[in-house]
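Notes follow the structure.
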Amino acid sequence: MNPSLLSSTAASRYFSRWVNAEAGRAGQVAELARPLTRLTVDAPLLRHLLQKETDSGMPLPRAMRRLRNLLVCTLIERDLRGVADLDEVVSAVTAFAEFAVQTHLAALTADLVALHGMPLGEESGQPQELLVLGMGKLGGCELNVSSDIDLIFTYAEDGDTQAGDGQRALSNHEFFTRLGKKLIGALSEITEDGFTFRVDMALRPNGASGPLVASFNMVETYLVTQGREWERYAWCKARALTGRPEDIAVLTNISRPFVFRRYLDYGSIDAMRSMHAQIRTEVKRLEALHPERSNNVKLGRGGIREIEFLAQVFQLIRGGRDCDLRDRSTRATLRTLAVKNLLDAEVVDKLLAAYDFLRNLEHRLQYLDDAQTHTFPTNDADCLIVAQTMGFPDVPSLMLELDQHRALVDAQFDDIFKDKRHSRPSQQDWDDCDNPLHTLSETDSRETIALVLTHCGFSDASAAAQRLVTTWQSPRVQNLPAASRARLLALVNAALPVVAAIPEPERHLPTLNRLLDFLEAIVRRAAYLALLTEYPATLHRVIRMISASDWAAKYLTQHPILLDELLDPRSLNAAPDWPVFAQECKRQLDTAPGDTERQMDILREMHHAQQFRLLAQDLEGVLSVEALADHLSILADILVAATVQAIWNMMPGRHRETPLFTVIAYGKLGGKELGYVSDLDVVFLYEDEDQDGPALYAKLAQRFITWMTSHTPAGILFDIDIALRPDGASGLLVSSFGKFEKYQRESAWLWEHQALTRARYCAGDAAIGERFETLRVEVLRQQRDAAKLQSEVLEMRQKMRDAHPNRSDRFDLKHDAGGMIDIEFLVQFLILRHAAAYPQLTADIGNIALLKLCGELGLIDGGLANAAADAYRTFRKLQHQGRLQGEERARVAASRIASEISVVKQLWSEIFTTTAT
Numbered sequence: 004m005n006p007s008l009l010s011s012t013a014a015s016r017y018f019s020r021w022v023n024a025e026a027g028r029a030g031q032v033a034e035l036a037r038p039l040t041r042l043t044v045d046a047p048l049l050r051h052l053l054q055k056e057t058d059s060g061m062p063l064p065r066a067m068r069r070l071r072n073l074l075v076c077t078l079i080e081r082d083l084r085g086v087a088d089l090d091e092v093v094s095a096v097t098a099f100a101e102f103a104v105q106t107h108l109a110a111l112t113a114d115l116v117a118l119h120g121m122p123l124g125e126e127s128g129q130p131q132e133l134l135v136l137g138m139g140k141l142g143g144c145e146l147n148v149s150s151d152i153d154l155i156f157t158y159a160e161d162g163d164t165q166a167g168d169g170q171r172a173l174s175n176h177e178f179f180t181r182l183g184k185k186l187i188g189a190l191s192e193i194t195e196d197g198f199t200f201r202v203d204m205a206l207r208p209n210g211a212s213g214p215l216v217a218s219f220n221m222v223e224t225y226l227v228t229q230g231r232e233w234e235r236y237a238w239c240k241a242r243a244l245t246g247r248p249e250d251i252a253v254l255t256n257i258s259r260p261f262v263f264r265r266y267l268d269y270g271s272i273d274a275m276r277s278m279h280a281q282i283r284t285e286v287k288r289l290e291a292l293h294p295e296r297s298n299n300v301k302l303g304r305g306g307i308r309e310i311e312f313l314a315q316v317f318q319l320i321r322g323g324r325d326c327d328l329r330d331r332s333t334r335a336t337l338r339t340l341a342v343k344n345l346l347d348a349e350v351v352d353k354l355l356a357a358y359d360f361l362r363n364l365e366h367r368l369q370y371l372d373d374a375q376t377h378t379f380p381t382n383d384a385d386c387l388i389v390a391q392t393m394g395f396p397d398v399p400s401l402m403l404e405l406d407q408h409r410a411l412v413d414a415q416f417d418d419i420f421k422d423k424r425h426s427r428p429s430q431q432d433w434d435d436c437d438n439p440l441h442t443l444s445e446t447d448s449r450e451t452i453a454l455v456l457t458h459c460g461f462s463d464a465s466a467a468a469q470r471l472v473t474t475w476q477s478p479r480v481q482n483l484p485a486a487s488r489a490r491l492l493a494l495v496n497a498a499l500p501v502v503a504a505i506p507e508p509e510r511h512l513p514t515l516n517r518l519l520d521f522l523e524a525i526v527r528r529a530a531y532l533a534l535l536t537e538y539p540a541t542l543h544r545v546i547r548m549i550s551a552s553d554w555a556a557k558y559l560t561q562h563p564i565l566l567d568e569l570l571d572p573r574s575l576n577a578a579p580d581w582p583v584f585a586q587e588c589k590r591q592l593d594t595a596p597g598d599t600e601r602q603m604d605i606l607r608e609m610h611h612a613q614q615f616r617l618l619a620q621d622l623e624g625v626l627s628v629e630a631l632a633d634h635l636s637i638l639a640d641i642l643v644a645a646t647v648q649a650i651w652n653m654m655p656g657r658h659r660e661t662p663l664f665t666v667i668a669y670g671k672l673g674g675k676e677l678g679y680v681s682d683l684d685v686v687f688l689y690e691d692e693d694q695d696g697p698a699l700y701a702k703l704a705q706r707f708i709t710w711m712t713s714h715t716p717a718g719i720l721f722d723i724d725i726a727l728r729p730d731g732a733s734g735l736l737v738s739s740f741g742k743f744e745k746y747q748r749e750s751a752w753l754w755e756h757q758a759l760t761r762a763r764y765c766a767g768d769a770a771i772g773e774r775f776e777t778l779r780v781e782v783l784r785q786q787r788d789a790a791k792l793q794s795e796v797l798e799m800r801q802k803m804r805d806a807h808p809n810r811s812d813r814f815d816l817k818h819d820a821g822g823m824i825d826i827e828f829l830v831q832f833l834i835l836r837h838a839a840a841y842p843q844l845t846a847d848i849g850n851i852a853l854l855k856l857c858g859e860l861g862l863i864d865g866g867l868a869n870a871a872a873d874a875y876r877t878f879r880k881l882q883h884q885g886r887l888q889g890e891e892r893a894r895v896a897a898s899r900i901a902s903e904i905s906v907v908k909q910l911w912s913e914i915f916t917t918t919a920t
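Sequence positions in the sequence shown follow the numbering used here and run 4 to 920.
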């Protein structure tokens with residue numbers, strides 16, 4: 004910010020009048036404005052300055068006004084000298100406003116209590132206080148030097164005052180109404196010393212037609228039944244300036260669900276667009292009536308209000324799910340948007356620079372005469388004063404920089420708020436979307452729809468038309484409000500040419516069916532329809548994803564909140580940063596301490612969002628099957644660890660900050676081969692000498708299973724399988740490490756040792772995990788009788804085949820002879836047979852790497868080992884592709900993989916024939 008070219012006396016007629024009206028005032032200002040560092044205006048300083056006035060015999064209202072003038076003149080002096088920045092100015096004015104409200108309210112309350120007694124709650128019997136809510140810039144701690152203050156008065160309970168001798172009882176409502184009127188008068192009545200603050204009460208429930216004060220019950224009823232969209236915007240900044248903490252907490256719990264919705268509310272964009280349009284219309288009307296006042300830095304194009312709207316629309320959309328976005332300050336919110344990558348950091352820096360410039364300019368307009376104005380003066384001389392106080396030599400120089408800032412704000416505002424419903428799509432596929440042959444209406448017949456689809460390029464227009472008719476006629480759609488039906492129709496019309504442009508004609512109808520299934524599922528949630536309307540590119544990504552995978556379509560239909568992940572392709576396609584993800588998971592859980600339901604939903608939401616990002620990268624061909632499985636396994640590890648600690652933090656009777664408890668992963672998770680819908684095979688171990696340990700850790704394991712498997716509004720986290728614990732279904736849910744070790748060494752079946760080849764530490768106490776790994780290696784390296792080992796392995800394999808017969812003419816990639824389980828059994832057999840001599844075989848490096856290692860060690864033919872490893876990779880890839888298309892069983896034509904099957908059977912035959920001989 005450039006320093007002013009003018010002194011305070013030359014820049015402000017108000018400053019000059021006040022300072023010169025009484026001897027000594029110039030010295031007071033100079034003394035208070037002296038510090039070269041930040042001037043901290045707080046309650047102790049204000050009380051000291053106010054005391055000086057009252058000690059001289061001034062009544063409180065006059066003393067407060069004189070203090071206000073001294074403070075404003077001090078801020079003018081410091082601001083124009085370049086010593087104070089914007090934050091100091093707005094913080095100081097806000098602090099004074101809070102002080103003035105609190106000081107007057109305390110004095111006035113004492114006076115009224117003396118006349119009528121203390122107001123008591125009819126239910127609690129407790130004394131009641133007036134809660135004064137600061138709204139707007141006062142709520143956001145960003146008050147202007149000449150701003151009015153927006154207030155709302157409320158109180159917790161109805162009831163009556165407890166009148167004593169000589170006192171007349173009043174209802175609480177009447178008591179607080181009188182108190183509110185007196186407070187307004189004390190602050191805003193104009194006297195010889197001016198006013199303290201103009202007061203605006205228009206934001207209260209029902210506005211000017213509503214009562215001056217409202218009980219909590221009335222506020223809650225109003226917000227639930229009558230609260231309008233613009234009031235969400237207003238209440239977003241509401242901040243209690245007075246009142247007891249417990250009452251403030253109750254009021255916050257009343258208003259928060261109204262302001263911040265539990266879902267991602269993209270309908271806020273359209274609501275704020277409409278509100279802004281109304282403001283712009285009123286500004287244009289006033290400019291037409293008063294052309295000389297046409298340069299409004301607050302409400303005009305590219306002005307302060309547009310920056311505030313930019314910040315608050317993200318708050319209203321996401322604040323219900325992200326408490327970091329509930330800050331009342333515009334500047335703080337903008338910085339948060341950059342941190343969370345919701346707005347580009349460079350854009351945020353420019354918006355903050357524009358905001359500072361516009362607010363500083365606004366202050367200089369107000370410094371002239373201490374007037375609540377946001378428009379340029381009507382005479383050239385005053386315009387030049389404003390320019391020079393902004394550090395510019397002339398008005399054109401000021402206007403040049405002002406226009407640059409406005410253009411930046413204007414462009415960013417339009418980028419978010421422009422009405423996409425009336426914008427022609429830029430994609431080539433949409434070039435003809437205004438053509439009536441490419442547009443449907445609600446009343447079209449099936450034949451007309453088929454004709455439109457044919458012109459769009461659909462391969463099976465008749466079947467597609469029938470599906471569309473079925474959707475239009477479904478009760479779910481027919482019962483929608485007209486606005487939602489219109490939005491749905493617009494989305495379908497936008498989607499048809501995109502679907503028809505898919506290169507493979509056979510995918511047109513399946514894609515349309517999946518899309519309509521998805522739209523029917525979300526059609527009652529206006530926020531999701533709004534998201535797809537406001538962000539057309541997201542609709543394209545949805546179509547591309549559901550066209551590529553039936554499973555992806557079903558997953559998105561089950562969890563439509565994941566639409567939000569499709570907004571930003573940068574974050575969608577970014578490689579996972581697992582340490583950052585783990586920290587974010589902990590941070591979000593910490594925002595809901597003691598709230599089991601919310602913490603369970605947080606874990607599910609984070610899992611679904613991260614898995615969806617991996618799914619998007621998978622469908623784009625960015626990830627191999629192995630890399631995907633590694634990522635999904637790490638994701639599960641993090642969530643398991645977070646769940647254990649979150650449960651432990653809420654365990655009554657816990658005797659430690661962290662439990663001596665460990666989760667051991669088996670199966671797919673243990674082998675780091677997890678898929679999208681894999682369950683988690685786990686075993687729970689503990690090692691704690693505390694006498695209550697067994698019961699405590701059993702309860703922890705039970706709650707862990709509940710947290711993982713319970714269906715909440717956000718779905719489930721994972722299915723859990725605990726069959727591999729010692730003694731299986733008849734065994735204890737958790738085992739001490741000592742008992743687990745004894746079981747593995749003395750009582751475990753061979754198949755349980757086979758399972759150990761794919762077991763590893765997952766989460767919990769790392770020391771127990773290290774002991775488990777040592778035990779696992781020792782057990783796997785036991786000397787074994789080769790013939791007995793082979794017999795038991797073959798017997799177990801046969802049991803599994805018998806349990807999964809395949810009566811189809813297609814090859815079962817997992818269960819049939821020559822398939823994936825055969826390879827896994829071969830690897831497990833080789834480990835148990837040879838690990839005593841080759842300890843490197845106990846490494847948890849996956850079946851493919853272990854097969855190749857066995858070839859390198861000469862345990863099996865090297866070429867055959869590599870071929871079997873390639874076969875396993877092929878089988879996993881085909882299995883994965885089938886699951887993405889929603890196939891329940893991983894079965895393919897045997898002719899497609901005849902050579903791979905042959906290789907596996909050959910290796911099977913050679914290993915077990917050799918061992919037998």
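For each residue, glycine too, the CB sits at the ideal point set by N, CA and C.
Residue state for Arg590 is assigned as helix, using DSSP reduced to three classes. Here DSSP, grouped into helix, strand and coil, assigns Phe814 to strand. CA-CA distance, Thr164 to Ala113, rounds to 13 Å.
Per the coordinates, the alpha-carbon of Tyr875 lies some 28 Å from the alpha-carbon of Glu781.
With the rule of 3 Cβ pairs closer than 8 Å, the stretch 341 to 361 counts as touching the stretch 410 to 423.
Shown here, Gln131 sits in coil according to DSSP, grouped into three states, outside any helix or strand. Asp82 sits buried, since 16 or more C-beta atoms from the chains shown fall within 10 Å of its C-beta. For Ala166, no alpha helix (DSSP H) encloses it, and the DSSP letter there is neither H nor E. Collapsing the DSSP output to three states places Leu881 in a helix. The DSSP-derived three-state label of Arg528 is coil.
Within 10 angstroms of the beta-carbon of Asn382 lie fewer than 16 other beta-carbons, which makes it exposed. In this structure, the straight-line span from the alpha carbon of Pro130 to that of Arg247 is close to 10 Å.
Secondary structure at Pro122: strand, using DSSP grouped into helix, strand and coil. Judged by beta-carbon spacing, Val680 lies beyond the 8 Å limit of Cys765, meaning their Cβ atoms are not closer than that value. The stretch 605 to 612 and the stretch 706 to 722 touch, with three or more beta-carbon pairs separated by less than 8 Å.
Judged by DSSP in its simplified three-state form, Ile848 adopts coil rather than helix or strand. In the DSSP annotation of this structure, Gly696 is not part of any beta strand (DSSP E); the continuous alpha helix (DSSP H) holding it starts and ends at Gly696 to Thr712. Put simply, the stretch 503 to 512 touches the stretch 462 to 480. At least three CB pairs are less than 8 Å apart.
Under the three-pair Cβ rule at 8 Å, the stretch 836 to 852 counts as touching the stretch 777 to 795.
Secondary structure at Cys765: strand, using DSSP grouped into helix, strand and coil. DSSP lists no beta-bridge partner residue for Ser552. Ranked by how close their Cα comes to the Cα of Asp385, the residues Leu703, Ala98, Ile272 and Ala13 have Ala13 in first place. Ranked by how close their Cα comes to the Cα of Pro214, the residues Phe198, Arg181 and Leu244 have Arg181 in first place. Listed as beta-bridge partners of Asp684 by DSSP are Tyr669 and Asp724. By DSSP's assignment, Tyr158 forms a beta bridge with Ser218. Glu891 counts as exposed, since fewer than 16 other C-beta atoms from the protein chains shown sit within 10 angstroms of its C-beta. Contact check for Gly270 against Ala529 passes: the beta carbons are separated by less than 8 Å. Ser627 and Asp621 have their C-alpha atoms spaced approximately 7 Å apart. Each residue's CA atom was taken as its position, placing Arg894 and Lys817 some 8 Å apart. The criterion of a C-beta distance shorter than 8 Å is satisfied by His366 and Asn147. Counting C-beta pairs with one atom in each stretch, the stretch 298 to 310 and the stretch 236 to 256 have fewer than three that are closer than 8 Å, which means they do not touch. Leu532 is positioned such that its CB atom lies no closer than 8 Å to that of Asn363.
Judged by DSSP in its simplified three-state form, Leu136 adopts strand. In this chain, the beta strand (DSSP E) harbouring Val737 covers Val737 to Ser739. Beta-bridge pairing by DSSP links Tyr370 to no other residue. By the CB criterion at 8 Å, Ile187 and Leu267 fall outside the cutoff.
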